[in-house]
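Engineer: Just dropping this structure here.
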Amino acid sequence: MHRIFFVDDSSTEQMFFKLLVRIKKLPLEVETFFNPMSALEALEAKSKEEWPDAIISDIKMPLMDGFQFADAFQDKYFSQNPSMLFFLCSSSIRSQDTERADSHPAISCYLEKPLNEDKINGQIISRLKQKTF
């Protein structure tokens with residue numbers, strides 16, 4: 001079972017993701033957050049052994065967007081656990097977002113919403129299986 005932090009300011013997106021994981025019996029244990037600051041606080045409060053295997057974050061959120069979250073994650077946690085995967089997702093298809101995500105050292109992959117079983121299996125779970133624990 002892979003531990004995931006799912007960060008999105010939309011309760012609908014959170015509910016849909018958790019429902020999809022449960023219905024499809026995907027090997028993910030999901031902890032949700034409405035904003036990146038809460039996820040960063042959770043990382044700070046947990047021991048390294050309790051950290052998630054991956055973070056999935058929306059880009060467009062108030063106060064701190066997904067790229068700012070990735071920057072904060074990189075500055076404080078990436079060097080401590082470079083195998084933790086960081087996925088950015090968005091419903092908009094903006095080339096500057098995909099290019100920025102592709103060039104960010106802490107971001108593993110950019111995913112287009114809506115997330116579905118194929119995207120979760122093909123991009124997230126397959127990368128989790130490949131990484132070294």
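Here full-length UniProt numbering is used: the first residue of the sequence shown is 1, the next is one more, and so on.
Glycine included, C-beta positions come from ideal geometry on N, C-alpha and C.
#1: Do His104 and Ala54 have their C-beta atoms closer together than 8 angstroms?
#2: Given Pro62, which residues of its chain have a CB within under 8 angstroms of its CB, disregarding the five upstream and five downstream residues?
#3: Say whether chain B places a C-beta atom closer than 8 angstroms to the C-beta of Phe87.
#4: What's the C-alpha gap between Pro27 and Gly122?
#5: So, Phe87 versus Ile124, is the Cβ gap smaller than 8 angstroms?
#6: Suppose contacts are defined by Cβ-Cβ distances below 8 angstroms. Is Val30 in contact with Lys18 by that definition?
#7: Tell me the residue span of the alpha helix (DSSP H) that contains Ile23.
#8: Taking the alpha carbon of Lys113 as the point to measure from, which residue in Phe69, Val21, Ser90 and Gln68 has its own alpha carbon closest?
Structural biologist: Per the coordinate set shown:
#1: no
#2: Asp9 and Asn35
#3: In the structure shown, chain B does not exist; there is a single protein chain.
#4: When rounded, the distance between both Cα atoms is 13 angstroms.
#5: In this structure, Phe87 sits near Ile124, with a CB-CB distance shorter than 8 angstroms.
#6: yes
#7: Ser11 to Ile23
#8: Checked all of Phe69, Val21, Ser90 and Gln68; the closest Cα to Lys113 is Ser90.
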